[in-house]
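Engineer:
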């Protein structure tokens, strides 16, 4: 899913033989304003100057205008070419360039210049690397802390192919929130996240929670899942120690990607929010335009009613 901070991540590839389907007109509740304003221009300038990749652009995020206009953005590290080919993702798939060991410092300096109070960091998958990119991940978190002592962080991480020593590097540097997206329900995982595994992602969440992390995950709706499957995915996340869940509408980035099966009404998203809180989740961000890092600065604290 989605985010609001600056990152250097790689694009995921297109869906294999995704059947071309006529595009359905977006409902009114999915219309957003074009990015404008001085803060947006300043962020754009910093991104270009520091040669940073943002998931805001690579992921075609509908909230880019709002988030950049507020002076925030999602940093994507480890390049902008992904080794995986998820059927929903607009990030490019291919052979990544060599690791840039100076990148952590550049990201930290950009956060300093932008005066970011809460930074979200994500990355492409780097399955070709023995460490899965986890050393750059840890170095980035350390560099941000060294230069921005008051900045809190969310890290939206890959599954590291289940190589848990790489996940441990993230736990050891202890960002305020660690997020790993489930993306879809169990039945659709092979279609939506071709190289990922549903239960491996749940194990990532469980291991993070066991390591003392505040945990978060996101699910996209509109890919053909049923209401019962959405609730089961939320329950699976809760049962494995997930604190924060985001639910948003999937939007097809290009005709080569998986088509939108349906546009989920805002009332249904509101219903999922209430179900999540009744289930025991600590924060549920649910709405058509929600992406992984939307309102991320609020997710450090509980969102439960009457708390």
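In UniProt numbering, the protein residues as written are 1 to 307. Idealized CB from N, CA, C, for every residue including glycine.
1. For residue 16 and residue 244, what's the separation of their Cα atoms in angstroms?
2. DSSP state of residue 59, grouped into three classes?
3. Report the three-state DSSP secondary structure of residue 112 (helix, strand or coil).
4. Within 10 angstroms of the Cβ of residue 291, are there 16 or more other Cβ atoms? Answer buried if so, exposed if not.
5. Whole angstroms are fine: how far does the CA of residue 248 sit from the CA of residue 151?
6. With DSSP as the reference, label residue 234 as helix, strand or coil.
7. Just verifying my parser: in three-state terms, what is the DSSP assignment at residue 118?
8. Going by DSSP, what residues sit across from residue 216 in a beta bridge?
9. So what's residue 147 in DSSP terms, helix, strand or just coil?
10. Where DSSP assigns a beta bridge to residue 89, which residues make up the other side?
11. Report the CB separation of residue 293 from residue 120 in whole angstroms; it is logged as a contact under 8 Å.
12. Straight-line CA distance for residue 159 to residue 211?
13. Is the beta carbon of residue 171 less than 8 Å from the beta carbon of residue 213?
14. Does DSSP put residue 157 in a helix, in a strand, or in coil?
Structural biologist: Short version:
1. At residue 16, the pLDDT of 42 sits below 50, so the modelled position is not reliable and the matter cannot be decided from this model.
2. Residue placement at residue 59 is flagged as unreliable, the pLDDT there being 49, under the threshold of 50; a coordinate-derived value is accordingly withheld.
3. helix
4. buried
5. Taking the straight line joining both Cα atoms gives about 26 Å.
6. helix
7. strand
8. 179, 244
9. helix
10. Bridge partners of residue 89: none, in fact.
11. 4 Å
12. One C-alpha to the other measures close to 15 Å.
13. yes
14. Judged by DSSP in its simplified three-state form, residue 157 adopts coil rather than helix or strand.
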